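Everything below concerns the one structure shown next.
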Amino acid sequence: MREVRVGIIGAGMISHRHMLIYSNIERHAAQLGFKAKVVACAEINPDRLKKWGEQYGFEEKDLYTDFRKMLERDDIDVIDVCVHNNLHTPISIAAMKAGFDVYCEKPAAASYHDAKLMIDCAEKLGRKFHVQISSLMTPQTRVARDMIARGDLGTPYFVNLEMITRRRRPGYDLPQFTTDFYSKRMAGHGPSIDLGVYVIGQILHILGMPELQSVNGFAKRGVDIDERLVTNPDGFGVEDICHGFAKFENGLGFHYLTTSAANYKDYSMTYILGSKGGLEIIAADTVGGKLARREGVRPFFGEPELKFYGDLNGRNVEIDLKCDENGNVEQRLDPSMLMYNDNQVMFLAYWLGILDEESRYNTPEIAAQQLLFTDGIFLSQELGRAVTVDEIKAMSPALFLTEQQIGSELVKFDISF
Ligand SMILES: NC(=O)c1ccc[n+]([C@@H]2O[C@H](COP(=O)([O-])OP(=O)(O)OC[C@H]3O[C@@H](n4cnc5c(N)ncnc54)[C@H](O)[C@@H]3O)[C@@H](O)[C@H]2O)c1
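For the sequence shown, position 314 (counting from the first letter as 1) is numbered 533 according to the working numbering, and the numbering increases by one without interruption.
Following this line, the structure appears as structure tokens:
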């Protein structure tokens with residue numbers, strides 16, 4: 220049985236989900252022909268690291284407060300980056316420079332500039348690099364992409380993507396999450412990228428990665444906060460609403476609206492209009508697929524499904540595509556389809572050479588294109604006008620952390636490669 224040896228950096232909330240998925244992958248190892256073994260973990264918070272080590276039965280020698288020490292090992296195959304957004308770039312680059320292939324949590328980074336650095340580093344050093352975008356790993360996405368490629372919708376000309384939550388600011392309304400989610404320094408932005416990578420990334424992938432032309436946008440913090448609940452020393456620095464209208468090649472309009480807080484109800488309304496038919500995207504996956512779920516827990520917006528609006532022999536129809544049911548059958552018929560139903564499985568298969576550049580989803584590129592769109596919204600907000608893709612690329616900011624206190628040392632990150 221082939222086994223991929225993994226080192227994790229960051230033992231916070233999402234690392235536990237990654238551990239759950241690695242153990243669930245083991246249950247499917249016979250069908251997949253491979254599994255993963257997490258052999259080491261680095262975490263700057265010593266108490267968290269100790270607790271994490273005890274929970275998963277790690278020896279002290281495999282636990283590091285300084286990730287650079289872990290990167291000196293020669294018995295680790297891949298690095299799984301689970302730190303917060305603005306650390307993704309320097310830490311992924313450090314891991315690639317140390318010789319490792321990297322699987323990184325979403326969003327790839329908080330700006331196009333930072334994601335592009337990671338992609339360029341991987342290309343230059345010949346490393347495999349993959350980003351967690353769970354919404355791609357569902358039968359919903361595969362069916363929608365296939366329908367568009369077959370021309371079932373004719374020419375797609377408009378996307379509406381709305382994902383509104385009334386009170387779901389991580390770390391503020393949802394105290395189980397780290398308060399870094401609302402720190403501008405750590406997270407970069409709020410729901411624009413936190414949800415955006417899943418939902419914008421999914422639509423771009425479904426549409427075959429159309430090229431962005433221009434963006435007009437609006438982003439701000441609209442809903443009042445109670446300062447007594449703001450415990451992060453950086454304060455509450457991210458937007459709670461993000462609204463953008465983008466034009467893509469071939470005359471495609473794309474409207475994006477998301478909130479982490481709004482004085483309205485929770486809802487999600489996403490559809491693609493085409494000249495021959497339309498598709499409603501019901502509940503994109505923002506959890507991580509079935510292997511990422513605890514027993515019996517259903518996603519916040521429900522199971523990812525699709526509805527087709529079109530024409531059958533001259534009659535108007537609405538068809539429920541039952542992606543979840545069909546996805547279950549698909550996987551029973553071909554267990555290797557799990558590679559397309561889970562992020563970590565796809566990365567492991569890619570690392571092992573079972574999937575190649577063509578057959579894996581190019582998640583870094585999808586993530587970078589999502590960031591171009593959201594960078595455009597922030598740039599447009601700043602300049603007070605619509606911005607072109609060339610302007611967005613030229614003005615995309617560096618948001619990654621350039622230094623960090625690790626133990627008694629102030630570590631300066633060297634991102635040159
Ligand atoms: N929490 C979620 O449900 C969730 C879901 C999907 C994606 N994510 C993404 O995962 C990332 C992490 O989120 P989280 O909720 O796990 O945050 P978290 O704060 O719980 O975990 C991050 C951990 O990284 C550690 N860390 C920071 N710098 C480090 C370094 N140099 N070396 C080693 N460890 C270091 C922190 O001490 C912390 O324990 C974010 O980018 C987030 O967008 C989180």
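Every residue gets a Cβ at the ideal spot worked out from N, C-alpha and C, and that includes glycine.
Predicted, not measured: the structure shown is a model, and the values here were computed from it.
How about N304: is its Cβ closer than 7 Å to a heavy atom in ligand 1? Yes - ligand 1 has a heavy atom lying nearer than 7 Å to the Cβ of N304.
Can the beta-carbon of I298 be found closer than 8 Å to that of F277? No; because the gap between Cβ atoms is not below 8 Å, this pair is not in contact.
Between D561 and chain D, is there a C-beta pair that is closer than 8 Å? Here there is only one protein chain, and chain D is not present.
Just tell me which of E576, I233 and G626 has its CA closest to the CA of Q395. Taking only the C-alpha atoms, the option nearest Q395 is I233.
For L414 versus F467, is the C-beta spacing smaller than 8 Å? No, Cβ-Cβ distance for L414 and F467 is not below 8 Å.
May I have the straight-line CA-CA distance separating D633 from A313, to the nearest angstrom? So the two alpha carbons sit approximately 8 Å from each other.
Looking at Q623 and ligand 3, is the gap between the Cβ and the nearest heavy atom below 7 Å? Ligand 3 is not among the ligands present in this structure, which contains only ligand 1.
Mind checking G507: buried by the 16 CB within 10 Å criterion, or exposed? Buried, because 16 or more other Cβ atoms sit within 10 Å of the Cβ of G507.
Look up K256 in the DSSP assignment and say whether it is helix, strand or coil. The three-state reading of DSSP puts K256 in strand, counting E and B together.
Under 7 Å from any heavy atom of ligand 1, does the C-beta of F286 make it? Indeed, a heavy atom of ligand 1 lies less than 7 Å from the Cβ.
Element boundaries [beta strand (DSSP E), containing E245]: No beta strand (DSSP E) holds E245; the alpha helix (DSSP H) holding it covers M232 to R246.
Can you say whether Q589 is buried or exposed, counting buried as having 16 or more other CB atoms within 10 angstroms of its CB? Its Cβ being crowded by 16 or more others within 10 Å, Q589 is buried.
Run through the region 369-428 for me and flag every whole beta strand (DSSP E) of 3 or more residues, listed as ranges in chain order. The region 369-428 contains these whole beta strand (DSSP E) runs: 375-383.
Report the option in D443, T398 and D561 whose CA atom is closest to the CA atom of N179. Look at the range of the chain in this structure, 220 to 636, and you will see that residue 179 is not part of it.
Looking at C301 and ligand 1, is the gap between the Cβ and the nearest heavy atom below 7 Å? Inclusion of C301 in the 7 Å shell around ligand 1 follows from its C-beta lying nearer than that to a non-hydrogen atom of the ligand.
Neighbourhood of D712 by C-beta, 6 Å cutoff - its chain only, sequence neighbours within 5 removed: Limits of the chain in this structure are 220 at one end and 636 at the other, which puts residue 712 out of reach.
Should C301 and I228 be called a contact, given that it needs their Cβ atoms to be closer than 8 Å? Against a cut-off of 8 Å, the Cβ pair of I228 and C301 comes out as a contact.
Run of the beta strand (DSSP E) containing R221, from where it starts to where it stops: Taken as a continuous stretch (DSSP letters only), the beta strand (DSSP E) holding R221 covers R221 to I228.
According to DSSP, simplified to helix, strand and coil, what is Y528? Residue state, collapsed to three classes: strand.
With R267 as the anchor, note down where its alpha helix (DSSP H) starts and where it stops. In the DSSP assignment, R267 falls within the alpha helix (DSSP H) that extends over P265 to Y275.
Flag this pair as yes or no: are the beta carbons of G427 and I367 separated by less than 8 Å? The answer is yes: Cβ separation under 8 Å.
Spatial neighbours of G252 within its chain, please: CB distance less than 6 Å, with the 5 preceding and 5 following residues excluded, ordered by chain position. Non-local beta-carbon contacts of G252 in its own chain, meaning distances under 6 Å to residues more than five positions away in sequence, are absent.
Here's the rule: buried if 16 or more other CB atoms are within 10 angstroms of the residue's CB, otherwise exposed. What is L510? Buried is the call here.
Short of 7 Å in beta carbon distance, which residues of its chain neighbour C479, apart from the five on each side in sequence? Order them along the chain. Note on residue identity: the sequence assigns Ser, not Cys, to residue 479. For S479, where only same-chain residues beyond five positions count, the Cβ hits under 7 Å are T384, R387, R388, G409, P410 and D459.
Indicate whether Y241 and V257 have their beta-carbon atoms separated by less than 8 Å. Yes, the pair counts as a contact, with Cβ atoms nearer than the cut-off.
Does DSSP classify Y569 as helix, strand or coil? In this structure, Y569 counts as helix in the three-state DSSP scheme.
Please indicate yes or no: does the CB of I185 lie closer than 7 Å to some heavy atom of ligand 1? The requested residue 185 does not occur in the structure, where the chain is confined to residues 220 to 636.
Just curious, the beta strand (DSSP E) that D299 is in, first and last residue? D299 -> beta strand (DSSP E) spans V297 to V300.
Looking at the unbroken alpha helix (DSSP H) that takes in E342, where does it start and where does it end? Y331 to L344 is the extent of the alpha helix (DSSP H) around E342.
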